[in-house]
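Here is the structure we will look at.
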Amino acid sequence: MTDLVITRIFDAPRELVYRAFVDPDQLAAWFGPVGWSVPRDSIDIDPRPGGRQAFTMVNDDDPAMSSPVDARFVEVIENELLVGEENVSHIPQFGAEVLRMRVEFFDEEGGRTRLVLTQSPFPAGMADGAREGWGSSFTKLDKLLG
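Sequential numbering from 29 applies to the sequence shown in this note's numbering.
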């Protein structure tokens, strides 16, 4: 098991990057690697401690392939921090009960934002694919923020 840590600089103010994570319309526009999408009607987000984050990623070529997410926010500081936990005990390859995701938003010079995403505990064998998926998703987010 490992911590998957991804740092990315976005050419947009922190408040706009944060909104892209909590606004359902924006999340539908960027979340999921290229070749996957998140139907707007599948999204339920309540960004507060105890609030829910649920949506379904759907494969663009084969809509029968999908990946649901159903997590709870455990810590939220507007424009600064999102921490969520998802029960993954039903996914044997995870080898853990709970997957925790922490997304931190920091101001950078020039009105940019440094985002630090940490997911743990992450099975080492799945980390590379997840890193690629986030990179692909963040490329879509770059376009949305631009």
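Cβ coordinates follow ideal geometry from the N, Cα and C atoms, glycine included.
{"Check": "Paired residues, beta bridge with Leu109 - DSSP", "Outcome": "Ile105 and Glu132"}
{"Check": "Ala99 to Leu127 span [Cα, whole Å]", "Outcome": "9 Å"}
{"Check": "Sub-8 Å separation of Val45 and Phe122 beta-carbons", "Outcome": "no"}
{"Check": "Met129 burial status per 10 Å Cβ neighbour count (16 or more: buried)", "Outcome": "buried"}
{"Check": "Span of the beta strand (DSSP E), counted from its first residue to its last, around Ser164", "Outcome": "Where Ser164 is concerned, there is no enclosing beta strand (DSSP E), although the alpha helix (DSSP H) it sits in stretches over Ala152 to Leu173."}
{"Check": "For Arg42 and Leu173, the rounded distance between their alpha carbons", "Outcome": "11 Å"}
{"Check": "Alpha-carbon spacing of Met93 relative to Asn87, whole angstroms", "Outcome": "6 Å"}
{"Check": "Where the alpha helix (DSSP H) containing Arg80 begins and where it ends", "Outcome": "Per DSSP, Arg80 belongs to no alpha helix (DSSP H); it is in the beta strand (DSSP E), Arg80 to Asn87."}
{"Check": "Met85 classed as buried or exposed, judged by whether at least 16 other C-beta atoms fall within 10 angstroms", "Outcome": "buried"}
{"Check": "Status (buried if at least 16 other CB within 10 Å, exposed otherwise) for Thr35", "Outcome": "exposed"}
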